[in-house]
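Numbering (this note's numbering), first residue to last: 52 to 248. Even glycine gets a Cβ: it sits at the ideal position worked out from N, Cα and C. First the structure, in the form of structure tokens, and then the observations on it.
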Amino acid sequence: MRRTLLIVILAALFASCAIREDGSPRDIPVTQRGNFGDPATGDAAEGASRIYLLSPVGTDEQPRLRAVSRNDATDAEELLTSLLAGANEDENALGLTTAIPADLAIEQARTVGTRLTIDINDALSELSDLGLRQALAQIVATASEVDQVQQVRLRVNGQNQGWPTGDGEVADRPLTIYDYPEFLETSQPDFPALAVT
Numbered sequence: 052m053r054r055t056l057l058i059v060i061l062a063a064l065f066a067s068c069a070i071r072e073d074g075s076p077r078d079i080p081v082t083q084r085g086n087f088g089d090p091a092t093g094d095a096a097e098g099a100s101r102i103y104l105l106s107p108v109g110t111d112e113q114p115r116l117r118a119v120s121r122n123d124a125t126d127a128e129e130l131l132t133s134l135l136a137g138a139n140e141d142e143n144a145l146g147l148t149t150a151i152p153a154d155l156a157i158e159q160a161r162t163v164g165t166r167l168t169i170d171i172n173d174a175l176s177e178l179s180d181l182g183l184r185q186a187l188a189q190i191v192a193t194a195s196e197v198d199q200v201q202q203v204r205l206r207v208n209g210q211n212q213g214w215p216t217g218d219g220e221v222a223d224r225p226l227t228i229y230d231y232p233e234f235l236e237t238s239q240p241d242f243p244a245l246a247v248t
């Protein structure tokens, strides 16, 4: 009897310490935010170059990639460096964010034909599955804005690696924007529902 009572008391004690789900959305204090709450450091939104950030979302949606303007980049590395800087102050106020870790570094970016090879450090390894796919989609979409670039090969510390595409399948090949179609925000209106007669 005592043993059962002790187990019930311990179970109740552990249950009371569990993290509870909030009933409604709430603001997270700046001091508790991590990467998404870092101060805005992005470049000015001017010029014809574009990078891709994550749009704000509703409660049951996932962020989509939204193109934003940046100063005219002279090469791929300059444009990618602008992407790594993240949202600027105005974009941050609109709720635009990034899934790319603050400590991601580009070691080298070189274009041969239509393929851009980007050597990076291993900072992407700290991301969750969805976060990794969002970061990859941001990098590939931004790299695809560079003239002639149609494929992106990401290498970690000089080594080729397989990366998850939008559907979660790992691809050991250069990536394209077509690997992440569900992550792109579109201005295309929804098609009207067809009436069945």
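Beta-carbon gap between residue i and residue j smaller than 7 Å
i      : j      : result
TYR103 : THR165 : no
ASP123 : ALA160 : no
ASP154 : ALA174 : yes
LEU167 : ALA222 : no
TYR115 : GLU220 : The identity of residue 115 in the sequence shown is Arg, whereas the question assumes Tyr. No, they are not a contact pair.
ALA209 : GLU233 : Before going on, a small fix: residue 209 reads as Gly here, not Ala. Against a cut-off of 7 Å, the Cβ pair of GLU233 and GLY209 comes out as no contact.
PRO225 : ARG184 : no
Residue of the options minimising C-alpha distance to residue i
i      : options                           : result
ARG204 : ASP198, GLY213, VAL197 and ASN172 : GLY213
ASP198 : THR125, LEU61 and ALA118          : THR125
GLN201 : VAL59, VAL108, ASP230 and ALA136  : ASP230
ALA136 : SER195, ALA188 and ARG121         : ARG121
Cutoff 7 Å; reference residue i; Cβ partners in own chain excluding five residues on either side
i      : result
ALA118 : ARG101 and TYR103
Test: residue i CB closer than 7 Å to a CB of chain D
i      : result
GLU142 : The structure shown contains no chain D, having only a single protein chain.
Outcome for residue i when other beta-carbon atoms lying within 10 angstroms are tallied against a minimum of 16
i      : result
SER142 : It is worth fixing the name first, because residue 142 is Glu in this sequence and not Ser. Classification of GLU142: buried, given that the 10 Å Cβ count is 16 or more.
ASP180 : exposed
THR149 : buried
VAL191 : buried
LEU61  : exposed
ALA156 : exposed
8 Å Cβ shell around residue i - same chain, five flanking residues per side excluded
i      : result
ASN211 : ARG204 and ASP223
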